[in-house]
Amino acid sequence: MMPDLGKYAQAVLSSYAVSIALLVVLVAMSVWRARKTRRELTDIEQRVRRDG
Amino acid sequence: MASIWEYANPKKFIETTDRLLPWLSVTALLCLVVGLVWGFFFTPDDYKQGSTVKIIYLHVPAALMAINAWMMMLVASLIWIVRRHHVSALAARAAAPVGAMMTVIALATGAIWGQPMWGTWWAWDPRLTSFLILFLFYLGYMALWSAIENDDTAADLTSVLCIVGSVFAVLSRYAVNFWNQGLHQGASLSLDKEENVADVFYHPLLVSIAGFVLLFVALVFLRTQTEIRARRMRALIARERLQ
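The listed protein sequences derive, respectively, from chains F and U.
Numbering follows my numbering, in which position 45 of the first sequence is assigned residue number 45; successive positions increment by one, without gaps.
Counting the second sequence from 1 gives a position; my numbering is that position plus 52.
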């Protein structure tokens, strides 16, 4: 299944590894910050409503 | 028909993008998987560049998005300057880290590709240099947003920086044509059949580009929602302190 990449195997595989890792980090950080901010905002809104 | 300016309302923006996000994310993932698997496993080697041609499915879409992200930020910044819609300023802020990451991917894959093809990781070639400067502009833009406490002042100043940086975004795209020198080849995608990449590489490349574009849009929507919520949070905290 794996194509024969010949003498450039290291270059091709490291390109894919670096790019996919960076994309995964970007998506994970965006989702993590989105959830954290949503949770914090809900807490603050509840506190503001409670304290008037 | 609803006016586009309705989406300048943060609540309307969040409601609409909440509905779109699952579809955008799934389509982006699908296009990325199909484009990259097709390109990696089912395309032949190039007669000149051998198997390194497979890097094109990451390098070209990332470079394209690095430039287009800045252009999107420019449009959003101009909307902020002219119409003072907060969502547009926050969308520009949200796009910057995504654009910066695309620039890093383009630079990294370019260096890895350049080493076996040119015999060097880096050269002060017009396109490579303008891309590096574009990356520095991304860093400066993000730092400026973080450094200024007042959101409106930060939006004003970063908008000006964005307009200045657009020169380098354009240069990154057309540097090869302007100077006609350096190691980097011309555009991979062209309407000229002679210049365009061969069909066997072109079709998976288009799918991969679609995946990067959709991923960018999905991430900008998600991150803009986050910026809107963070801004509301800062406003509520400030109001609490005053009471």
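In this text, a Cβ means the ideal position worked out from N, Cα and C, and glycines have one as well.
Tell whether a beta-carbon distance below 7 Å holds between residue i and residue j.
i, j, result
"Leu26 of chain F", "Met285 of chain U", "no"
"Trp132 of chain U", "Ser211 of chain U", "yes"
"Leu274 of chain U", "Ser30 of chain F", "yes"
"Ala128 of chain U", "Gly151 of chain U", "no"
"Ala11 of chain F", "Pro168 of chain U", "yes"
"Ala270 of chain U", "Ala80 of chain U", "yes"
"Leu266 of chain U", "Leu76 of chain U", "yes"
"Cys214 of chain U", "Met125 of chain U", "yes"
"Leu110 of chain U", "Ser14 of chain F", "no"
"Val18 of chain F", "Ala160 of chain U", "yes"
"Gln277 of chain U", "Ile108 of chain U", "no"
Output the distance between the C-alpha atoms of residue i and residue j, rounded to the nearest integer angstrom.
i, j, result
"Val112 of chain U", "Leu288 of chain U", "43 Å"
"Leu84 of chain U", "Val134 of chain U", "36 Å"
"Pro149 of chain U", "Tyr190 of chain U", "8 Å"
"Asn61 of chain U", "Ala34 of chain F", "19 Å"
"Ile185 of chain U", "Ala114 of chain U", "16 Å"
"Ala157 of chain U", "Val249 of chain U", "Here the sequence assigns Ile to residue 157 of chain U, which means Ala is not the residue at that position. Distance between the alpha carbons of Ile157 of chain U and Val249 of chain U: 21 Å."
"Arg49 of chain F", "Ser55 of chain U", "33 Å"
"Thr42 of chain F", "Glu292 of chain U", "15 Å"
Spatial neighbours of residue i within its chain, please: C-beta separation below 6 Å, excluding the five flanking residues on both sides.
i, result
"Arg145 of chain U", "Trp197, Glu279"
"Arg225 of chain U", "Ile119"
"Phe378 of chain U", "Any property of residue 378 of chain U remains undetermined from this structure, which presents chain U solely from 53 to 295."
Under 7 Å Cβ to Cβ from residue i, same chain only, skipping five residues before and after it: list those, please.
i, result
"Ala46 of chain U", "With chain U covering 53 to 295 only, the question about residue 46 of chain U has no answer from this structure."
"Thr172 of chain U", "Gly166"
Are the C-beta of residue i and some C-beta of chain C separated by less than 7 Å?
i, result
"Pro168 of chain U", "Absent here is chain C; the protein component of the structure consists of chains F and U."
So residue i and residue j are in contact, right, with Cβ under 8 Å, and what is the actual spacing, rounded?
i, j, result
"Gly91 of chain U", "Leu257 of chain U", "7 Å"
"Tyr59 of chain U", "Val139 of chain U", "7 Å"
"Thr37 of chain F", "Ala282 of chain U", "5 Å"
Considering only residues of the same chain and omitting the five flanking positions on each side of residue i, which have a CB-CB separation below 8 Å?
i, result
"Ser218 of chain U", "Trp122, Met123, Leu126"
"Thr95 of chain U", "Val105, Lys106, Val252, Phe253, Pro256"
Give the residues from the segment 270–290 of chain U that approach chain F closer than 8 Å (Cβ to any Cβ), ordered along the chain.
Close to chain F, meaning a Cβ-Cβ distance shorter than 8 Å, are the following residues of the segment 270–290 of chain U: Leu271, Leu274, Arg275, Gln277, Thr278, Arg281, Ala282, Arg284, Met285, Leu288, Ile289.
Residues of the segment 152–164 of chain U whose Cβ lies closer than 7 Å to any Cβ of chain F, in chain order
Cβ contacts with chain F come from Met153, Val156, Ile157, Ala160, Thr161, Ile164.
Give me the subset of the segment 183–200 of chain U whose CB atoms are less than 7 Å from a CB atom of chain F, sorted by chain position.
The residues in question: there are none.
The segment 133–151 of chain U: positions lying closer than 8 Å to chain F by Cβ:
Within the segment 133–151 of chain U, the qualifying residues are Pro149, Val150.
Name the residues in the segment 89–100 of chain U whose C-beta lies less than 8 Å from a C-beta of chain F; which are they?
Of all residues in the segment 89–100 of chain U, Phe92, Phe93, Asp97 have a Cβ within less than 8 Å of some Cβ in chain F.
Can you list, in chain order, the residues of the segment 107–126 of chain U whose Cβ is nearer than 8 Å to any Cβ on chain F?
Along the segment 107–126 of chain U, the positions whose C-beta sits under 8 Å from a C-beta of chain F are Ile107, Leu110, His111, Ala114, read in chain order.
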